[in-house]
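Colleague: Here it is, the structure, as structure tokens.
Protein chains: 2
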Amino acid sequence: MSFGWEAIRTEVLRRIRVRDWPPGGTIPTEEELAFEFGVARATVNRALRELAVAGVLERKRRAGTRVAVLPVRKATLDIPVIRQEVEARGQVHSFRLLAQEIRGVPVPVGSKLGIAAGERMIWMETLHLADGQPFVYETRWLNPSVLPPQAPDFAEISVNEWLVAHVGYALGDIAFSACGATAREAEVMGVAEGAALFITERSTWSAEAPITAVRLVHAPGYRVQTLV
Amino acid sequence: MSFGWEAIRTEVLRRIRVRDWPPGGTIPTEEELAFEFGVARATVNRALRELAVAGVLERKRRAGTRVAVLPVRKATLDIPVIRQEVEARGQVHSFRLLAQEIRGVPVPVGSKLGIAAGERMIWMETLHLADGQPFVYETRWLNPSVLPPQAPDFAEISVNEWLVAHVGYALGDIAFSACGATAREAEVMGVAEGAALFITERSTWSAEAPITAVRLVHAPGYRVQTLV
DNA sequence: CCGGGTAATATGTCTGCACATATTCAATCG
DNA sequence: CGATTGAATATGTGCAGACATATTACCCGG
Numbered sequence: 001m002s003f004g005w006e007a008i009r010t011e012v013l014r015r016i017r018v019r020d021w022p023p024g025g026t027i028p029t030e031e032e033l034a035f036e037f038g039v040a041r042a043t044v045n046r047a048l049r050e051l052a053v054a055g056v057l058e059r060k061r062r063a064g065t066r067v068a069v070l071p072v073r074k075a076t077l078d079i080p081v082i083r084q085e086v087e088a089r090g091q092v093h094s095f096r097l098l099a100q101e102i103r104g105v106p107v108p109v110g111s112k113l114g115i116a117a118g119e120r121m122i123w124m125e126t127l128h129l130a131d132g133q134p135f136v137y138e139t140r141w142l143n144p145s146v147l148p149p150q151a152p153d154f155a156e157i158s159v160n161e162w163l164v165a166h167v168g169y170a171l172g173d174i175a176f177s178a179c180g181a182t183a184r185e186a187e188v189m190g191v192a193e194g195a196a197l198f199i200t201e202r203s204t205w206s207a208e209a210p211i212t213a214v215r216l217v218h219a220p221g222y223r224v225q226t227l228v
Numbered sequence: 229m230s231f232g233w234e235a236i237r238t239e240v241l242r243r244i245r246v247r248d249w250p251p252g253g254t255i256p257t258e259e260e261l262a263f264e265f266g267v268a269r270a271t272v273n274r275a276l277r278e279l280a281v282a283g284v285l286e287r288k289r290r291a292g293t294r295v296a297v298l299p300v301r302k303a304t305l306d307i308p309v310i311r312q313e314v315e316a317r318g319q320v321h322s323f324r325l326l327a328q329e330i331r332g333v334p335v336p337v338g339s340k341l342g343i344a345a346g347e348r349m350i351w352m353e354t355l356h357l358a359d360g361q362p363f364v365y366e367t368r369w370l371n372p373s374v375l376p377p378q379a380p381d382f383a384e385i386s387v388n389e390w391l392v393a394h395v396g397y398a399l400g401d402i403a404f405s406a407c408g409a410t411a412r413e414a415e416v417m418g419v420a421e422g423a424a425l426f427i428t429e430r431s432t433w434s435a436e437a438p439i440t441a442v443r444l445v446h447a448p449g450y451r452v453q454t455l456v
């Protein structure tokens, strides 16, 4: 019977689905389950912990483990680098750096990155192409202090790839939304003004300082998808 | 020094950021790290495993652990029930069931749920309101076989809430996209035709059968956001 | 009846050990 | 020289026991 913690996770999930253990109810303790399944408590713990981070169970010390009433579904998305995304479709990736200049950051960007508005950062405008067709229109604010003395040529290597290779791991947040194309976006992406476009916005910080804030405008038909 | 696996995870992350351990390079074995930090190997394992599922490390038996070259960022989103979402904004949730009827499923829906096109399912149209304003326009295909003999009145309880309470836990996938409002959507949501709308699509299955396929059309300005 | 302190309890984590399993490296044989 | 076989190795998972910690339940005094 004891086929590892994954078997236990599956069995627990089954009992929840069959309503042996109804939503809101507490399930047996780790010790009892360990005895029933003939495994160590650590093994049961592993299985239940995974189900808890998945949002299926809620666990509290002393109170025990209960089946979540409103299972807040957690979806995990992979956010790949754009080049990878294009190549995964079997297309050729290229990009054009349309603009790069020093500017004072506007208030919303500043507050999002946690710096004073008017602070001078690098502003860049990039168009990513898949097989020569517009794929993503990227506008970015970049903290110049993360760059080395002689800055790399971002017409050669895309900012994002340079950052993941040289600045290293960072925290950040991501937001998705929909927006009608502005005049500029319509022109660059080759769509009608007001067309519905999918937007990804990301901000990232290193341990010390804000790194970058990006807004990606995706070509029509773009989807973000998850297999749960 | 030994403050548990979280401290170890943090220290490993730090060394990666400082490029003590550069991208693509292998890091010391669990045993070596356990010795260095003065903890058991299981503790190191826990820390490294978490970083591996986060996409920061890549681990292979015998080959060792290496720092991911292209850290595929994984974003985790919470997908709450609509009522919770509205109430979290401090607004009052209500909904109106606009239509409910039996229909044969069209091809795209059928293939997504893995059933034959033309199979008869329940089709429903619901409008969710926040403080009386249109919030989400929901169209749904529902497998009648998950309902009890005398079906619940979905004008009283929203389908989604009935499902989470009575059908229980299911797998599914989620997709986000952007789309211009159709004539019907524009009318129901009170926006201009062609306005950019954020779309969420979900399909869910139980262990035995497909349960439901939903398309949620969100009011303008809607965002899905993640704190990583 | 209420509030505070205390004990009981379920989970969280750790240790030290063992064996399983995947993968690589090397040696051996045709 | 190439392919197959076999050992070496790093991670994956397991067990039993222990202590830590959060939270609840209970008792007792006011």
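Each protein sequence line maps, in turn, to chains A and B. The first sequence maps to residues 1 to 228 in the numbering used here. The second sequence maps to residues 229 to 456 in the numbering used here. Glycine is no exception: its CB is placed at the ideal position from the N, C-alpha and C atoms.
1) So for Pro-152 (chain A), helix, strand or coil by DSSP?
2) Please list the segments of the alpha helix (DSSP H) lying wholly inside the stretch 267 to 303 of chain B, counting only runs of 4 or more residues, in order along the chain.
3) In this structure, how does DSSP classify Glu-429 (chain B) when only helix, strand and coil are distinguished?
4) Drop a sphere of 10 angstroms on the beta-carbon of Arg-223 (chain A), count the other beta-carbons inside from all chains shown, and report buried for 16 or more, exposed for fewer.
5) Where does Phe-404 (chain B) sit, in a helix, a strand or coil, going by DSSP?
6) Please state whether the Cβ-Cβ distance between Ile-211 (chain A) and Thr-200 (chain A) is less than 7 Å.
7) State the start and end residues of the unbroken beta strand (DSSP E) segment that holds Thr-139 (chain A).
8) Compare the C-beta of Lys-340 (chain B) against all C-beta atoms of chain A and say whether one is closer than 7 Å.
9) Counting along the chain, where does the alpha helix (DSSP H) carrying Gly-4 (chain A) start and finish?
10) How would you list, in chain order, the residues of chain A whose beta-carbon sits under 9 Å from the beta-carbon of Ser-434 (chain B)?
11) My output table needs one value for Val-452 (chain B): the three-state DSSP class, helix, strand or coil.
12) With a threshold of 7 Å on Cβ separation, who are the neighbours of Trp-5 (chain A) within its own chain once the five nearest residues in sequence on each side are excluded?
13) Please classify Ile-310 (chain B): does DSSP put it in a helix, a strand, or coil?
14) Spatial neighbours of Gly-332 (chain B) within its chain, please: CB distance less than 7 Å, with the 5 preceding and 5 following residues excluded, ordered by chain position.
15) Nearest-angstrom Cα distance between Thr-410 (chain B) and Gly-90 (chain A)?
16) Taking the C-alpha atoms as reference points, what is the distance between Thr-454 (chain B) and Asp-20 (chain A)?
17) Would you mind stating whether Leu-355 (chain B) and Arg-324 (chain B) have Cβ atoms separated by less than 7 Å?
18) What does the alpha-carbon distance come out to for the pair Ala-165 (chain A) and Phe-263 (chain B)?
19) According to DSSP, is Trp-351 (chain B) helix, strand or coil?
20) Would you say Ala-406 (chain B) and Ile-174 (chain A) are within 7 Å of each other, going by their C-beta atoms?
21) Could you give the distance in angstroms between the alpha-carbon of Ala-296 (chain B) and the alpha-carbon of Leu-113 (chain A)?
22) Would you list, in chain order, the members of the stretch 251 to 267 of chain B that have their beta-carbon closer than 8 Å to a beta-carbon of chain A?
23) How would you list, in chain order, the residues of chain B whose beta-carbon sits under 9 Å from the beta-carbon of Pro-80 (chain A)?
24) With DSSP collapsed to three states, give me the class of Arg-215 (chain A).
25) Helix, strand or coil, according to DSSP, for Ser-373 (chain B) in the structure here?
26) First and last residue of the alpha helix (DSSP H) that includes Ala-344 (chain B)?
27) Alpha carbons only, please: which of A:Val-217, A:Pro-220, A:Ala-213 is nearest the one belonging to Pro-106 (chain A)?
28) Can you find the residues in the same chain that come closer than 7 Å, C-beta to C-beta, to Phe-135 (chain A), ignoring five residues on each side of it along the sequence?
29) Report all residues from its chain with a CB closer than 8 Å to the CB of Gly-253 (chain B); omit the five preceding and five following residues, and keep chain order.
30) Contact criterion: CB-CB distance below 7 Å. Does Ile-385 (chain B) meet it with respect to chain A?
31) Enumerate in chain order the residues of its own chain whose CB-to-CB distance from Ala-52 (chain A) is below 6 Å, with the five nearest sequence positions on each side excluded.
32) Can you pull the chain B residues whose beta carbon is under 7 Å from the beta carbon of Phe-198 (chain A), in chain order?
33) Where DSSP assigns a beta bridge to Gln-91 (chain A), which residues make up the other side?
34) Mapping DSSP to helix, strand and coil, what is Pro-438 (chain B)?
35) For Glu-264 (chain B), which beta-bridge partners are listed by DSSP?
36) Compute the Euclidean distance between the alpha carbons of Phe-265 (chain B) and Glu-125 (chain A), then round it to the nearest angstrom.
Modeller: Concretely, from the data shown:
1) Three-state result, Pro-152 (chain A): coil.
2) The qualifying runs are 269 to 281.
3) Strand at Glu-429 (chain B).
4) Exposed, since its Cβ has fewer than 16 Cβ neighbours within 10 Å.
5) The answer is strand: DSSP assigns Phe-404 (chain B) an E or B state.
6) Contact flag unset, no.
7) DSSP places Thr-139 (chain A) in the uninterrupted beta strand (DSSP E) bounded by 133 to 142.
8) At least 7 Å separates the CB of Lys-340 (chain B) from every CB of chain A.
9) From DSSP, the alpha helix (DSSP H) with Gly-4 (chain A) extends over 4 to 17.
10) The CB of Ser-434 (chain B) comes closer than 9 Å to the CB of Arg-17 in chain A, given here in chain order.
11) Three-state DSSP puts Val-452 (chain B) in a strand.
12) In its chain, beyond the 5 residues on either side, Thr-43, Arg-46, Ala-47 have a beta carbon closer than 7 Å to the beta carbon of Trp-5 (chain A).
13) Ile-310 (chain B) falls in the helix class under three-state DSSP.
14) The answer, listed in chain order, is Gly-346, Glu-347, Arg-348.
15) Cα-Cα distance, rounded: 32 Å.
16) Distance between Thr-454 (chain B) and Asp-20 (chain A), taken at the CA atoms: about 34 Å.
17) In contact: Leu-355 (chain B) and Arg-324 (chain B) (Cβ atoms closer than 7 Å).
18) Taking the straight line from one Cα to the other gives about 30 Å.
19) Reduced to three states, the DSSP call for Trp-351 (chain B) is strand.
20) Between Ala-406 (chain B) and Ile-174 (chain A), the gap from beta carbon to beta carbon reaches 7 Å or more.
21) Taking the straight line from one Cα to the other gives about 26 Å.
22) Residues Pro-251.
23) Annotation: Cβ neighbours of Pro-80 (chain A) in chain B (cutoff 9 Å, chain order): Leu-298, Val-300, Arg-301.
24) Arg-215 (chain A): strand per DSSP, three-state reduction.
25) In the structure shown, the three-state DSSP call for Ser-373 (chain B) is helix.
26) Secondary structure note for Ala-344 (chain B): it is in no alpha helix (DSSP H), with a DSSP letter that is neither H nor E.
27) When each option's Cα is compared against that of Pro-106 (chain A), the closest is A:Ala-213.
28) Closer than 7 Å at Cβ, skipping near neighbours: Val-86, His-128, Leu-129, Ala-219.
29) Around Gly-253 (chain B): Arg-294, Val-295.
30) At a cut-off of 7 Å between beta carbons, Ile-385 (chain B) makes no contact with chain A.
31) Contacts found: Arg-59.
32) Contact of Phe-198 (chain A) with chain B by beta-carbon distance below 7 Å involves Ser-405, Ala-406.
33) Gln-91 (chain A) is not bridged by DSSP to any residue.
34) Three-state DSSP puts Pro-438 (chain B) in a strand.
35) According to DSSP, which records beta bridges pairwise, Glu-264 (chain B) is partnered with nothing at all.
36) Answer to the nearest angstrom: the Cα atoms are 46 Å apart.
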